[in-house]
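The structure under discussion appears below in the form of structure tokens.
In the working numbering, the protein residues as written are 740 to 1013.
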């Protein structure tokens, strides 16, 4: 156990209000290669959330409290994100046992580090299947394709108007979400849906071919207007590649007619990729 975690647990042990401490996240998952940037994701189960004094945790040089800024997202709990003097980081959620059991103990990998009252139930310490890619049905597949092709024309509108923020929002939120869904499906199929792509897809690179990943990287180009136009064509090409692959593997119908509609639209708009 690290010095940082030992120090945090020592403070929890000394605080009468803190009854239990539970570790979760990447540091509990043996399938994830450790690196210096891993957070310590912790739950402190307390008697009363309001009584918890975060200032008792020493060595913090930078912090953020999302539960104070966005209280509607964190009912009945407080969340403290802390960067320490040694550059270690702790993401701490403080809640009651009732909130922990109802909201957080849903099969995620966890390890109990402290239980003063013996009230923490048996936790999932080894089964990572809850993080694996889930197969989509054909209705979801068709809806994903429809939304992607619709948003293509929205990005075209932003590009033609030279509306940078609009075009980039459509590309990196609306379009990318649909693209990532199909990429993850492809990865799931290739690995019998027994694999995780990680938080925000950070492990996708590990499961794509080099040519697929090269194309994926090109979808992020944005330095110039032509870069942004090129990135749109790369997104469409990669979506087509992944969509047809998933459709063939799952025996879905790929909407080739809709893809052709947007390709014709791009041509009429005078946009050309490299």
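Glycine is no exception: its CB is placed at the ideal position from the N, C-alpha and C atoms.
Note that this is a predicted model, so its numbers are computed, not measured.
Shortest alpha-carbon distance to residue 876 belongs to which of 990, 1013, 999 and 1012? For the purposes of this step, residue 876 is taken as the residue at position 137 of the chain shown. Cα-wise, what sits closest to residue 876 is 990.
Taking the alpha helix (DSSP H) that residue 977 belongs to, which residues open and close that run? The sequence position of residue 977 within the chain shown is 238, counting from 1. Element bounds for residue 977: 964-989.
7 Å Cβ shell around residue 919 - same chain, five flanking residues per side excluded: Locating residue 919 in the chain shown gives position 180, counting from the first residue. Excluding sequence neighbours, residue 919 sits near 940.
Pick from 757, 766 and 826 that is closest to residue 800, judged by C-alpha positions: As a working note, residue 800 is residue 61 in the chain shown. Per the Cα distances, 826.
Counting C-beta neighbours from all protein chains within 10 Å, is the total for residue 987 16 or more, i.e. buried, or is it exposed? On the chain shown, residue 987 is found 248 positions in, with the first residue counted as 1. Result: exposed.
Name the DSSP beta bridge partners of residue 832, please? Walking along the chain shown from the start, residue 832 turns up at place 93. In the DSSP output, where bridge partners are listed per residue, residue 832 has 782 and 818.
For residue 840, does the three-state DSSP call read helix, strand or coil? For the purposes of this step, residue 840 is taken as residue 101 along the chain shown, with counting starting at 1. If DSSP states are grouped into helix, strand and coil, residue 840 belongs with the helices.
Return the chain-ordered ranges of every beta strand (DSSP E) run that is complete within the region 743-781 and spans a minimum of 3 residues. 757-763
Cα-Cα, which of 878, 847, 932 and 898 is closest to residue 865? Within the chain shown, the letter at position 126 stands for residue 865. When only C-alpha atoms are compared, the closest one is 847.
Report buried or exposed for residue 752, applying the criterion of at least 16 other Cβ atoms within 10 angstroms of its Cβ. The residue given as residue 752 occupies position 13 in the chain shown. It counts as exposed.
DSSP state of residue 875 mapped onto helix, strand, coil: Indexing the chain shown from 1 puts residue 875 at position 136. DSSP places residue 875 in coil when its eight states are reduced to three.
Which word fits residue 803, buried or exposed, when buried means at least 16 other C-beta atoms lie within 10 angstroms of its C-beta? For this step, residue 803 is matched to residue 64 along the chain shown. So residue 803 counts as exposed.
Cβ of residue 969 within 8 Å of Cβ of residue 1012? Your numbering for residue 969 matches position 230 in the chain shown. Your numbering for residue 1012 matches position 273 in the chain shown. It is a contact, given that the beta carbons lie within the stated cut-off.
Alpha carbon to alpha carbon, what distance is there between residue 946 and residue 1002? Within the chain shown, numbered from 1, the residue matching residue 1002 stands at position 263. Within the chain shown, numbered from 1, the residue matching residue 946 stands at position 207. Distance between the alpha carbons of residue 1002 and residue 946: 28 Å.
How many angstroms separate the CA atom of residue 814 from the CA atom of residue 842? Residue numbering aside, residue 814 sits at position 75 when the chain shown is read from its first letter. Residue numbering aside, residue 842 sits at position 103 when the chain shown is read from its first letter. Taking the straight line from one Cα to the other gives about 10 Å.
Going along the chain, which residues of its own chain have a beta-carbon closer than 7 Å to the beta-carbon of residue 954, five neighbours each way excluded? As a first step, residue 954 must be located in the chain shown, where it is residue number 215. Closer than 7 Å at the Cβ level, and outside the excluded window around residue 954, lie 973, 976 and 977.
Looking at residue 761 and residue 835, is the spacing between their C-beta atoms short of 8 Å? On the chain shown, residue 835 is found 96 positions in, with the first residue counted as 1. On the chain shown, residue 761 is found 22 positions in, with the first residue counted as 1. Cβ atoms of residue 835 and residue 761: not closer than 8 Å.
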